[in-house]
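These notes concern the structure reproduced below.
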Amino acid sequence: MFKKKKGLILSLTVASSILLATGCSSSTSGSDSGKGKDGDLPAVGATIYKFDDNFMSYVRRAMDTAAKGKVNLMLNDSQNDQSKQIEQVDTLIAKGAKSLAINLVDPKAAQTIIDKAKPKSIPVIFFNKEPDASVLKGYDKAYYVGTTSSESGVLQGELIAKAWEANKDKYDKNKDGKIQYVLLKGEPGHPDAEARTKFAISTVKEKGIDVEELAMDTGMWDATKATEKMDAWLAKYNDKIEFVIANNDGMALGAIASLEKAGYFTGDKFMPVVGVDAIPEALEMIEKGKMVGSVLNDAKNQGKATIDLAANAAKSKDVLDGTEWKLDDSKAVRVPYIIVTKDNIQVGRDAYK
Ligand code: BGC
Ligand code: CA
Numbered sequence: 001m002f003k004k005k006k007g008l009i010l011s012l013t014v015a016s017s018i019l020l021a022t023g024c025s026s027s028t029s030g031s032d033s034g035k036g037k038d039g040d041l042p043a044v045g046a047t048i049y050k051f052d053d054n055f056m057s058y059v060r061r062a063m064d065t066a067a068k069g070k071v072n073l074m075l076n077d078s079q080n081d082q083s084k085q086i087e088q089v090d091t092l093i094a095k096g097a098k099s100l101a102i103n104l105v106d107p108k109a110a111q112t113i114i115d116k117a118k119p120k121s122i123p124v125i126f127f128n129k130e131p132d133a134s135v136l137k138g139y140d141k142a143y144y145v146g147t148t149s150s151e152s153g154v155l156q157g158e159l160i161a162k163a164w165e166a167n168k169d170k171y172d173k174n175k176d177g178k179i180q181y182v183l184l185k186g187e188p189g190h191p192d193a194e195a196r197t198k199f200a201i202s203t204v205k206e207k208g209i210d211v212e213e214l215a216m217d218t219g220m221w222d223a224t225k226a227t228e229k230m231d232a233w234l235a236k237y238n239d240k241i242e243f244v245i246a247n248n249d250g251m252a253l254g255a256i257a258s259l260e261k262a263g264y265f266t267g268d269k270f271m272p273v274v275g276v277d278a279i280p281e282a283l284e285m286i287e288k289g290k291m292v293g294s295v296l297n298d299a300k301n302q303g304k305a306t307i308d309l310a311a312n313a314a315k316s317k318d319v320l321d322g323t324e325w326k327l328d329d330s331k332a333v334r335v336p337y338i339i340v341t342k343d344n345i346q347v348g349r350d351a352y353k
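Quick note: the sequence shown uses the numbering used here, first residue 1, plus one each step.
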């Protein structure tokens, strides 16, 4: 199932690169006037840091759905290349984008994007990778749509602690009362990767549970990289590993693939694995008992909020006009996270419908 999905995402990436080569990656045609073909829809220029990211493929789908009939969405795959993304922004502005929705490659590049948009008074909605608050503050037409990163870490920690307390007999293989864990972090410098690492561990400790880190690696949010890492860790630590903490589901799925190869999840051989996102492929693993749980990162609402704000901005309206979203003090819409286990799996299903 997961393999199939990857194939699909890969072929979408190829398709979009072809479209990119012809100068337009969106399903609607962006004309130079910045107007769409159906009824003068305002043009919104958007970039996703890379289409080949499990979670972002769901955000992208939600954006496409929300854009239908509302805006002419010109959506680009930045292919994990910040300089490519900056060129795409130049092109989008030249094509008459009335607002920009930007999923940065490097969170530190926000100012460079603003420097291009601000002289032309083009609003910018950053999403998923949160820029520094000071950068958002420096441009009155800059906003952020995402989450409160620390919240996912706290919830992940609560999920780990609860599972450990309930299954200590089985999970604490060396009976020392401590969790010997390995951690797949995600992209270094990404606010979600940093906060999840910090708050997952601190929350477990606050619950009075001792931990010992055996190994940590970036894994770069990527399933294949996570499989390779987990293979190496199993070879090195084998039975010493008592918990696998993955900061997203893509990496959790990659770790599970490695564990399955090593004979886990058959007979008595078990390894608790947690992730974040609650994407459908992970929900399947939770259902099968191969994953303890995940933390819902609501792709649908983040995609929708991004388009809602970008559409209003493109029409020079108040960004919240006619929407249910709220902005906090740092001009951010923050969609809440929710713990997902087998008990409330429907919450995840509904969010990714
Ligand atoms: C998600 C990851 C994703 C990353 C991309 C995070 O919020 O949890 O799955 O790879 O965003 O920036
Ligand atoms: Ca132990």
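Yeah, the Cβ is synthetic: ideal placement off N, Cα and C, and Gly gets one too.
Heavy atom of ligand 2 within 7 angstroms of residue i beta-carbon
i    : result
I179 : yes
D176 : yes
D172 : yes
E242 : yes
DSSP-derived helix/strand/coil call for residue i
i    : result
T266 : strand
G275 : coil
R280 : What sits at residue 280 in the sequence shown is Pro, not Arg. Here P280 sits in helix by DSSP.
N54  : helix
A332 : strand
K288 : coil
T47  : strand
D222 : coil
L41  : coil
V154 : helix
K137 : helix
Q180 : strand
N399 : The structure shown does not extend to residue 399, since the chain spans only 1 to 353, so no value can be given for it.
S316 : coil
T341 : coil
V71  : coil
Residue i beta carbon near ligand 1 (any heavy atom closer than 7 angstroms)
i    : result
F55  : yes
N301 : no
N128 : yes
V276 : yes
Y337 : no
Y352 : no
N80  : no
D217 : no
Y264 : no
N297 : yes
Y144 : no
Y49  : yes
G96  : no
D77  : no
D52  : no
D192 : yes
Length of the line joining the Cα atoms of residue i and residue j
i    : j    : result
A110 : L104 : 7 angstroms
I279 : S134 : 32 angstroms
V274 : V244 : 7 angstroms
P131 : M271 : 36 angstroms
R349 : P119 : 43 angstroms
V347 : L183 : 26 angstroms
E287 : L259 : 17 angstroms
K168 : I48  : 41 angstroms
D40  : N301 : 26 angstroms
I122 : P42  : 13 angstroms
S33  : K95  : Reliability of the predicted coordinates at S33 is poor, the pLDDT of 44 falling under 50, and no value is obtained from them.
L20  : A117 : Only weak support is given to the placement of L20: the predicted model assigns it a pLDDT of 38, under 50, and the value that follows is read from those uncertain coordinates. Looking at the two C-alpha atoms, the distance is approximately 21 angstroms.
G293 : P188 : 23 angstroms
D328 : L320 : 12 angstroms
M216 : I179 : 14 angstroms
Given residue i as reference, the closest of the options once Cα atoms are compared
i    : options                : result
Y143 : F127, S150, S149, Q156 : F127
Y58  : A299, G348, I345       : A299
F51  : D77, L73, G45, M230    : D77
L214 : N297, K236, N301       : K236
N82  : K162, W233, K129, S121 : Asn is not the amino acid found at residue 82; the sequence shown has Gln there. Nearest of K162, W233, K129, S121 to Q82, Cα basis: K129.
A382 : A193, T112, A314       : Lying outside 1 to 353, the shown extent of the chain, residue 382 is not represented and no answer is given.
G45  : N80, V89, Q79, D343    : V89
K315 : V124, P191, W164, K116 : V124
N80  : K173, L327, I102, K137 : I102
Y181 : W221, H190, A161, A195 : A161
L100 : K108, D106, Q85        : Q85
D172 : M220, E212, K353       : E212
A97  : T341, I345, A313       : A313
G219 : D210, G208, I209, D231 : D231
F199 : L155, K170, I209       : L155
K240 : M251, D176, R61        : D176
Exercise for the section: Could you say if the region 64-74 and the region 323-338 meet the contact criterion of at least three C-beta pairs nearer than 8 angstroms? Expected result: no
Exercise for the section: Evaluate contact between the region 280-288 and the region 201-220, counting only Cβ atoms and requiring at least three cross-stretch pairs below 8 angstroms. Expected result: Too few Cβ pairs lie closer than 8 angstroms, so no.
Problem - Any 3 or more C-beta pairs closer than 8 angstroms across the region 57-65 and the region 295-307 - result: They touch, by the three-pair rule.
Handout entry: Segment contact flag, the region 142-159 with the region 335-342, C-beta cutoff 8 angstroms, min 3 pairs
Key = Verdict: yes, contact present.
Exercise for the section: Count the CB pairs spanning the region 148-167 and the region 256-265 that are closer than 8 angstroms, and state whether there are at least three. Expected result: Output reads no: the region 256-265 does not touch the region 148-167.
Problem - Segment contact flag, the region 247-263 with the region 216-236, C-beta cutoff 8 angstroms, min 3 pairs - result: yes
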